[in-house]
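Comments concern the structure below.
Numbering (this note's numbering), first residue to last: 125 to 263.
In structure tokens:
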């Protein structure tokens, strides 16, 4: 586990760090379920900034090799990572688009209702506000 970031490597430091950790996960040096390390500890290990280390972890997350929780990042089973990453969750795109279209039409309808209610109400007229709420009580 002693590979270093190379200043001679043309790739960004985040990719280099991700590649080193990827190799450690794939080789079994970091076991499935094991804590990969905190951003701070990993950044210190690789002698890079915390933001750069966060980008490296994002690469591994996109590849499905780690999962991140509020308590840190943990290695996933490399076999499961090749079967599908977090980015590939079997989404039915036509269904998502259909639901999005339905929600968009509902928002438009609600916006129209709100505009109609606002046009009925006269600012400062408490009577119209109570009538709108169905009490029928005039003040």
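All residues carry an ideal CB built from backbone N, CA and C; glycine is no exception.
Taking a cut-off of 8 Å on C-beta distances, the stretch 159 to 166 touches the stretch 176 to 183, as three or more cross pairs fall below it.
Residue 227 counts as exposed, since fewer than 16 other C-beta atoms from the protein chains shown sit within 10 angstroms of its C-beta. Under the three-pair Cβ rule at 8 Å, the stretch 193 to 205 does not count as touching the stretch 170 to 178. Around the CB of residue 142, 16 or more other CB atoms lie within 10 Å, so the residue is classed as buried. In the DSSP annotation of this structure, residue 157 is not part of any beta strand (DSSP E), being labelled neither H nor E. Shortest Cα-Cα distance from residue 136 to any of 150, 175, 147 involves 175. In the DSSP assignment, residue 240 falls outside any beta strand (DSSP E) and lies within the alpha helix (DSSP H) extending over 217 to 244.
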